[in-house]
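Here the sequence shown is numbered in the numbering used here, starting from 566 and rising by one per residue.
C-beta atoms are modelled at their ideal positions from N, C-alpha and C, and glycine is treated no differently.
Quantities reported herein were computed from a predicted structural model and do not represent experimental measurements.
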Amino acid sequence: MSDGATEVFLSPPGRVARSQIWGQTVFFTITNPNDAIQKSHLQGQFYEGEELEIIAKYVEPGSVFCDIGANIGNHSLFALKYLRISKTIVFEPNPAAIAVLLSNLTLNGVLDRCDTSRLGFGLSDTESSGFKMFVPKRNNLGGGRMVEAEGDGTLDVFRGDDALAGQTVDFIKIDVEGMEMKVLAGLSQTIAQQRPRIFVEVDRANTEDFLSWVEHNGYGVKARFKRYRANENFMLIPKRRQRPADEVSE
Numbered sequence: 566m567s568d569g570a571t572e573v574f575l576s577p578p579g580r581v582a583r584s585q586i587w588g589q590t591v592f593f594t595i596t597n598p599n600d601a602i603q604k605s606h607l608q609g610q611f612y613e614g615e616e617l618e619i620i621a622k623y624v625e626p627g628s629v630f631c632d633i634g635a636n637i638g639n640h641s642l643f644a645l646k647y648l649r650i651s652k653t654i655v656f657e658p659n660p661a662a663i664a665v666l667l668s669n670l671t672l673n674g675v676l677d678r679c680d681t682s683r684l685g686f687g688l689s690d691t692e693s694s695g696f697k698m699f700v701p702k703r704n705n706l707g708g709g710r711m712v713e714a715e716g717d718g719t720l721d722v723f724r725g726d727d728a729l730a731g732q733t734v735d736f737i738k739i740d741v742e743g744m745e746m747k748v749l750a751g752l753s754q755t756i757a758q759q760r761p762r763i764f765v766e767v768d769r770a771n772t773e774d775f776l777s778w779v780e781h782n783g784y785g786v787k788a789r790f791k792r793y794r795a796n797e798n799f800m801l802i803p804k805r806r807q808r809p810a811d812e813v814s815e
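What follows is the structure, encoded as structure tokens:
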């Protein structure tokens, strides 16, 4: 006999890997065992362990964790399971990744602490439409990026300030495959007013502009980690709690 409502959710075709990590059971949805991230999950590990260790040092208990470029949920799931955050806010435009993300959150019993209302669109420095996903490598779903389409684009982008209006944000993780400077520009008011800690992947071509942004916006680099030749991860901490409105940089 059932003593409660039955929950039904759609999961993508594939397998589920079950692992014990740091004393907790973790379930990973596997739709492509050759995918760069899912390959780690199939082995019972979180992807980018070194980067997650850096994040863990700077996320405070009770934080609201904003995951921009959540992909299949590797970082959000880690934060929800192990970092004692209050909730995550996930942004992800790719429908294929969203299906796996929602499955991972549901299987691990953390969906109720995740704001999924912002799935299905991307962030930029202005509101626009007519985008589509471009995934250059079949086995790297996380390498997908939004590109302007020629008449067949169905995805929209918004400024992060608009998407997060009225929302408290303590920590922001950004992994948007080269769009990080536009995303930061669209978050200018949120960053100026709330001074969140920021972990961001920066493409090599954007490094100089990014470091100028860091200095101008009153942040300091606490850690750097380079896994791939094409980009580098930066952990940023605000040097002061709030910036005057006339100093905000986009």
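- Contact between Leu-706 and Asn-798 does not hold, since their C-beta atoms are separated by about 19 angstroms, which reaches or exceeds 8 angstroms.
- The distance from the Cβ of Phe-736 to that of Phe-592 is about 24 angstroms, inconsistent with a contact at the 8 angstroms cut-off.
- Distances from the CA of Arg-789 to each of Pro-803, Ile-595, Ala-770 and Glu-766 were compared; the closest alpha carbon is that of Glu-766.
- With fewer than three CB-CB distances shorter than 8 angstroms, the stretch 710-722 does not count as touching the stretch 772-781.
- Distance check between Glu-713 and each of Met-698, Gly-634, Val-655 and Arg-703 places Met-698 closest, using alpha-carbon atoms only.
- Sixteen is the threshold: since fewer than 16 other Cβ atoms of the shown chains lie within 10 Å of the Cβ of Ser-682, the residue is exposed.
- Looking at the DSSP output, Gly-609 shares a beta bridge with no other residue.
- A distance below 7 angstroms between beta-carbons, with the five flanking residues on each side excluded, links Pro-761 to the following residues of its chain, in chain order: Val-734, Asp-735, Phe-736 and Ile-737.
- Just measuring C-alpha positions, the residue of Ser-651, Leu-642, Thr-590 and Leu-684 sitting nearest Asn-669 is Leu-642.
- Assignment of Met-698 by DSSP, reduced to helix, strand and coil, places it in the strand class.
- Under the 10 Å beta carbon count, Thr-594 is surrounded by 16 or more other beta carbons and is classified as buried.
- In the structure shown, the three-state DSSP call for Ala-730 is coil.
- If you draw a straight line from the Cα of Val-786 to the Cα of Lys-804, it comes to about 10 angstroms.
- In the DSSP assignment, no residue is bridged to Phe-775.
- CA-to-CA, the gap between Lys-622 and Tyr-647 works out to about 12 angstroms.
- The Cβ-Cβ distance between Asp-774 and Ala-795 does not fall below 9 angstroms.
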